[in-house]
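Asks: In the numbering used here, the protein residues as written are 403 to 727.
Pasting a structure below so you can have a look.
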DNA sequence: CTCCGGCCCTGCGCGC
DNA sequence: TGCGCGCAGGGCCGGA
């Protein structure tokens with residue numbers, strides 16, 4: 403269940419069982435889930451057994467279980483299809499069970515933290531925690547040091563994102579999915595936020611104005627908070643919280659997966675405009691062709707080099723309206 | 001530095 | 001019924 407709201411749902415569910423729990427002997431059903439862990443299964447098992455865990459933390463889509471009294475953590479990434487389930491010992495094994503960590507919870511209850519991952523793009527790994535100056539000195543795993551603050555972080559700064567975004571020579575959705583610019587956004591919430599801010603996914607980043615970025619970041623925060631409030635987005639049983647329950651946000655999506663269905667915003671104005679699905683990086687983008695219109699053709703390199711800004715906009719107005727890329 | 005494609009995987013639904 | 005293909009919520013790496 404991969405984007406920020408789903409990862410946060412998992413973190414919260416995990417907090418009850420993992421915080422102040424004592425870990426038992428890790429069982430590795432598929433070592434590929436430990437690909438990124440130095441020393442593999444042996445090293446992780448040795449480090450974990452008998453260790454006390456602290457409150458689970460998260461940045462963007464990265465989760466981690468800090469080890470109490472040490473600057474180390476078990477990082478958990480769900481990848482495309484990962485789940486963390488909390489089960490009672492003896493509960494039937496899940497089909498794609500990869501890792502099993504028995505714990506004694508703070509209240510003395512015996513439980514198992516199970517990592518279930520169909521595609522094995524996710525995994526667990528042991529990592530060192532370092533203070534992150536950009537985040538008030540809070541700890542961050544070394545392998546997540548390049549991950550930017552996410553839109554729900556208290557220190558998140560939309561204007562700082564804008565400063566970096568506007569300097570890029572790229573397009574908007576690509577930038578939104580770049581976890582080193584702003585983290586936690588994946589294909590679903592990118593499409594939703596772009597719809598919310600009425601922006602086209604292929605809009606050149608250099609053409610973003612501060613107000614555009616602010617509106618877009620506000621849209622990201624809004625959609626993520628709404629998704630979080632209802633347990634995240636689940637299309638099927640593959641994406642569930644630690645109790646195995648699905649979230650309900652799929653029914654509230656405005657763009658993602660709504661190909662051929664009416665744009666809800668346009669419908670409010672009594673206009674029918676159908677959501678389109680377009681190829682994007684071996685995946686797809688979903689948008690409303692009416693309220694997220696195709697941007698004007700990108701400025702020529704010479705115009706950019708000349709530092710031309712808003713002065714040019716009126717002159718470009720008559721250019722073709724449907725150029726691609 | 002930035003970018004883009006390829007790759008890491010499994011399973012499902014669809015068309016033939 | 002079977003098979004190949006395209007597609008799915010992510011991220012890392014190497015080469016340009």
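We treat Cβ as the ideally placed atom computed from N, Cα and C, and that holds for glycine.
Here the structure is a predicted model, which is why all the values come from computation and not from measurement.
Within a Cβ cutoff of 8 angstroms, which residues of the same chain sit near residue 668, ignoring the five residues on either side of it in sequence?
Replies: Taking the first residue of the first chain as position 1, residue 668 is located at position 266. Contacts found: 674, 675, 690, 692, 693.
Asks: Given a cut-off of 8 angstroms, decide if residue 477 and residue 526 are closer than it, judged by their beta-carbon atoms.
Replies: Here residue 526 corresponds to residue number 124 of the first chain, with the count starting at 1. Here residue 477 corresponds to residue number 75 of the first chain, with the count starting at 1. Result yes, Cβ atoms of residue 526 and residue 477 sit closer than 8 angstroms.
Asks: Tell me the rounded alpha-carbon separation between residue 578 and residue 510.
Replies: Within the first chain, numbered from 1, the residue matching residue 578 stands at position 176. Within the first chain, numbered from 1, the residue matching residue 510 stands at position 108. Roughly 43 angstroms separates the two Cα atoms.
Asks: Which stretch, first to last residue, makes up the alpha helix (DSSP H) that contains residue 506?
Replies: To locate residue 506, count along the first chain from 1; it is residue 104. Taken as a continuous stretch (DSSP letters only), residue 506 belongs to no alpha helix (DSSP H), being part of the beta strand (DSSP E) at 499–506.
Asks: Smallest Cα separation from residue 695: which of 535, 599, 636?
Replies: Indexing the first chain from 1 puts residue 695 at position 293. When only C-alpha atoms are compared, the closest one is 599.
Asks: Quick check on the DSSP output: the beta strand (DSSP E) that includes residue 688 runs from which residue to which?
Replies: Counted from its first residue, the first chain places residue 688 at position 286. Looking at the DSSP string, the run of the beta strand (DSSP E) that includes residue 688 is 685–689.
Asks: Can you tell which of 539, 627, 610 has its C-alpha closest to the C-alpha of residue 570?
Replies: Taking the first residue of the first chain as 1, we reach residue 570 at position 168. Closest by alpha carbon: 610.
Asks: Buried or exposed: where does residue 552 fall if 16 or more other Cβ atoms within 10 Å of its Cβ makes it buried?
Replies: Walking along the first chain from the start, residue 552 turns up at place 150. Answer is buried; the Cβ neighbour count reaches 16.
Asks: For the stretch 469–536, list the beta strand (DSSP E) runs that are entirely contained and at least 3 residues long, ordered along the chain.
Replies: For the stretch 469–536, whole beta strand (DSSP E) runs of length 3 or above, ordered along the chain, are 474–479, 484–489, 499–506, 512–519, 525–534.
Asks: Can you give me the start and stop residues for the alpha helix (DSSP H) that residue 670 sits inside?
Replies: Reading the first chain from its first residue, position 268 is the one you call residue 670. Residues 666–670.
Asks: Just the Cα atoms here: how many angstroms apart are residue 590 and residue 415?
Replies: Numbered from 1 along the first chain, position 188 holds the residue referred to as residue 590. Numbered from 1 along the first chain, position 13 holds the residue referred to as residue 415. Each residue's alpha carbon lies about 22 angstroms from the other.
Asks: Measuring only the C-alpha atoms, how far is residue 495 from residue 431?
Replies: Along the first chain, read from residue 1 onward, the residue named residue 495 stands at position 93. Along the first chain, read from residue 1 onward, the residue named residue 431 stands at position 29. One C-alpha to the other measures close to 11 angstroms.
Asks: Would residue 644 pass as a contact of residue 522 if the rule is Cβ separation under 8 angstroms?
Replies: What you label residue 644 is simply residue 242 of the first chain in a count that begins at 1. What you label residue 522 is simply residue 120 of the first chain in a count that begins at 1. Going by C-beta atoms, residue 644 is not nearer than 8 angstroms to residue 522.
Asks: Can you list, in chain order, the residues of its chain with a C-beta nearer than 8 angstroms to that of residue 436? Leave out the 5 residues immediately preceding and following it.
Replies: Taking the first chain and counting its residues from 1, the one referred to as residue 436 is at position 34. Closer than 8 angstroms at the Cβ level, and outside the excluded window around residue 436, lie 430, 442, 443, 446, 501, 525, 526, 527.
Asks: Leaving aside the five residues before and after residue 440 along the sequence, list all residues of the same chain whose C-beta is less than 8 angstroms from its C-beta, in chain order.
Replies: Residue 440 sits at position 38 when you count from the first residue of the first chain. Same-chain partners within the cutoff: 527, 528.
Asks: On the three-state DSSP scale, how would you describe residue 457?
Replies: Within the first chain, residue 457 is the residue found at index 55, counting from 1. In the structure shown, residue 457 sits in coil (DSSP, three-state: anything other than H, G, I, E or B).
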